[in-house]
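J.: I'd like to ask you about the structure that follows.
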Amino acid sequence: MINQETGEAEIDGRKIKTPGRINFRFLVFLGQNAKKDISTDEIQEFAQKVNSLSTSGGIVARIRRLIEEDPKNPQILKTVGFKKIGAGNIANYRLDCDVEFIGEKLEEAAKEEEKLKGPPAVFESRLEALHAFVENPEVLIDEIIQILGPSREGQLLTRPRALFSLKKAASFIAERIKNGISTEAERKVWEKIKIGIGRDNDKEAFATFIAGLDA
């Protein structure tokens with residue numbers, strides 16, 4: 012059951028918490044396509060539609076953490092095959108359960124959200140990665156790669172791409188703060204970024220980039 016009026020969901024009698032409007036909209040999208048195969052490209056397309064910076068792999072991983080009892084052994088949001096594209100594999104997924112929708116759609120809230128000027132909110136996996144990167148001097152980019160999750164091709168990011176992803180997320184946060192539309196989580200991460208970043212090469216490069224941002 013997905014209640015589009017209250018933003019609540021329930022699966023097999025378990026109440027599902029979906030923090031953030033973007034996560035809920037992803038869940039609604041999957042529910043609307045329940046028991047159908049959904050390609051990586053379709054998920055990425057929807058992510059762009061709702062102004063999410065997340066990769067399709069990151070979206071699937073996050074929704075699994077929300078709805079599965081054991082996210083490492085998914086029984087509801089299943090991987091149902093791979094298609095080889097170049098050097099990588101593109102996955103297909105299926106929400107393998109019946110879904111009932113109740114309540115009015117959150118159209119007015121969605122319209123209000125679209126009125127906000129500025130870049131979209133930074134997806135939580137990138138916030139988590141940014142926070143880990145600047146909070147703990149011992150955390151290296153290799154660990155951040157695991158937090159960011161796979162790219163849309165289903166492969167883990169390279170070190171340069173992971174660092175680029177962090178820089179992009181940080182610049183979005185700076186812009187949103189400047190426009191007065193940042194979330195509390197974004198502001199908390201930004202405060203951590205300003206305090207200090209560490210000394211290894213990756214963090215020095217990140218610090219130099221941050222110094223050039225205006226927020």
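Per the numbering used here, the very first residue in the sequence shown carries number 12; after that it's consecutive. We put the CB at the ideal spot given by N, CA and C, even for glycine. Since the model is a prediction, treat every value here as computed from it, not as a measurement.
#1: Identify the continuous beta strand (DSSP E) that holds ILE22 and give its terminal residues.
#2: What are the start and end residues of the alpha helix (DSSP H) that includes ILE74?
#3: Can you have a look at ALA121 and say buried or exposed, based on whether 16 or more other CB atoms are within 10 angstroms of its CB?
#4: So is SER176 buried or exposed if we call it buried at 16+ other beta carbons inside 10 Å?
#5: Do ILE152 and LEU174 come within 8 Å of each other at the CB atom, strictly closer than that value?
#6: So what's VAL200 in DSSP terms, helix, strand or just coil?
#7: Output needed for LYS214: all residues of its chain with C-beta closer than 6 Å, excluding positions within five of it in sequence on either side, in chain order.
#8: Of the residues PRO85, MET12 and ASP23, which one's Cα is nearest the Cα of PHE35?
#9: Going by alpha carbons, who is nearest to ALA45 out of PHE112, VAL200, THR29 and GLN55?
#10: Could you check the C-alpha separation between THR29 and LYS178 for me, to the nearest Å?
#11: Cutting at 6 Å between CB atoms, please list the residues of its own chain near ILE156, excluding the five before and the five after it.
#12: Distance check for PRO161 and PHE220, CA to CA, integer angstroms please.
T.: Let me lay it out:
#1: Taking the first residue of the sequence shown as position 1, residue 22 is located at position 11. Residues 19 to 22.
#2: Looking up residue 74 in the sequence shown gives position 63. ILE74 -> alpha helix (DSSP H) spans 67 to 78.
#3: Residue mapping note: residue 121 aligns to position 110 of the sequence shown, counting from 1. Unreliable placement is indicated for ALA121, whose pLDDT of 46 sits below 50; the coordinate value is still reported in the next sentence. With fewer than 16 Cβ atoms within 10 Å of its Cβ, ALA121 is classed as exposed.
#4: Taking the first residue of the sequence shown as position 1, residue 176 is located at position 165. Here SER176 is buried, its C-beta having at least 16 other C-beta atoms within 10 Å.
#5: Counting from one through the sequence shown, the residue named residue 174 turns up at place 163. Counting from one through the sequence shown, the residue named residue 152 turns up at place 141. Closer than 8 Å, so yes.
#6: For this step, residue 200 is matched to residue 189 along the sequence shown. Correct three-state label for VAL200: helix.
#7: Position 203 of the sequence shown, counted from the first residue, corresponds to residue 214. Within the same chain, LYS214 has close Cβ partners ILE208.
#8: On the sequence shown, residue 35 is found 24 positions in, with the first residue counted as 1. It is MET12.
#9: Numbered from 1 along the sequence shown, position 34 holds the residue referred to as residue 45. That would be PHE112, whose Cα lies nearest to the Cα of ALA45.
#10: To locate residue 29, count along the sequence shown from 1; it is residue 18. To locate residue 178, count along the sequence shown from 1; it is residue 167. Near 27 Å, if we compare the C-alpha coordinates of LYS178 and THR29.
#11: As a working note, residue 156 is residue 145 in the sequence shown. Non-local beta-carbon contacts of ILE156 in its own chain, meaning distances under 6 Å to residues more than five positions away in sequence, involve LEU167, LEU168 and ALA173 in chain order.
#12: If you number the sequence shown from 1, residue 220 lands on position 209. If you number the sequence shown from 1, residue 161 lands on position 150. About 24 Å.
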